[in-house]
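Let me begin by presenting the structure, written as structure tokens, before commenting on it.
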Amino acid sequence: MIQQQYPSELLEKSVQEFSKLPGIGRKTALRLVLNLLRRDEDDVLQFTETIARMRQEVKHCHVCHNISDNDVCPICSDPRRDASTICVVENIQDVMAVENTQQYQGLYHVLGGVISPMDGMGPADLEIDSLVERVREGGVKEVILALSSTMEGDTTNFYIFRKLAPFTDVKLSIIARGISVGDELEYTDEVTLGRSILNRTPFDGK
């Protein structure tokens, strides 16, 4: 049995829960928990209720799989966006990263990951079939592959290229490699990412 480190069992359990979050060690978790203890009870209740509501009520957009408060996210439902262009990204953080560049006005498609056999992620685990279906429905003129420049990202790019090959009237492009090889999209600075979107090039599957 592990000896209790803190004078309160509830404090110990709270620190354990906070330290489960990515990038949060026990020292940081302790600081966060002690901060909550110093706050008014109403503030803490509002904090916990907000987290609980987020987990229960936040949805995934039926169209692009971005997070949303409604069945269709604000981007997909915005008539000012260019519905003929779809930017394919790995995760929700990448949508936020591209949006922050203010250089892209089309729609998105969130795959939910990349093909990675080492991590047990295959094509069937990703939202690739729903992307193909969106293209099949018509109205799409260009699909931009904006995945991280890693081996897994390149493998996923090639797989999508093969799946979309029958749609010869749809342009398939890839963001310019101003992003260093091995870099993940969400950590790329906004200027570099914005230029990479604007300077995208045709993707030929190589």
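In our numbering, the protein residues as written are -15 to 190. Glycine included, every Cβ here is placed at the ideal spot set by N, Cα and C.
Buried or exposed for residue i, going by 16 or more other Cβ atoms inside 10 Å?
{"i": "residue 49", "result": "buried"}
{"i": "residue 74", "result": "buried"}
{"i": "residue 165", "result": "With a pLDDT of only 44 at residue 165, under 50, the local geometry of the prediction cannot be trusted, and no value is derived from it."}
{"i": "residue 35", "result": "exposed"}
{"i": "residue 31", "result": "exposed"}
{"i": "residue 243", "result": "For residue 243 there is no data in the structure shown, the boundaries of the chain being -15 and 190."}
{"i": "residue 113", "result": "exposed"}
{"i": "residue 110", "result": "buried"}
Taking the DSSP output, what are the residues bridged to residue i?
{"i": "residue 186", "result": "157"}
{"i": "residue 100", "result": "105"}
How far does the beta strand (DSSP E) with residue i in it extend, from its first residue to its last?
{"i": "residue 128", "result": "126 to 129"}
{"i": "residue 90", "result": "90 to 94"}
Within the continuous alpha helix (DSSP H) that includes residue i, where are the two ends?
{"i": "residue 123", "result": "Neither: residue 123 is in no alpha helix (DSSP H) and is coded neither H nor E."}
{"i": "residue 148", "result": "135 to 148"}
{"i": "residue 85", "result": "76 to 85"}
Three or more C-beta pairs closer than 8 Å, one from the stretch 94 to 107 and one from the stretch 135 to 146: is that the case here?
yes
Taking only runs that begin and end inside the stretch -8 to 74, name each unbroken beta strand (DSSP E) of 3 or more residues, in chain order.
66 to 73
If you pair each beta-carbon of the stretch 143 to 155 with each one of the stretch 113 to 131, do three or more pairs fall below 8 Å?
yes
Is there contact here, the stretch 61 to 71 with the stretch 84 to 98, by at least three beta-carbon pairs under 8 Å?
yes
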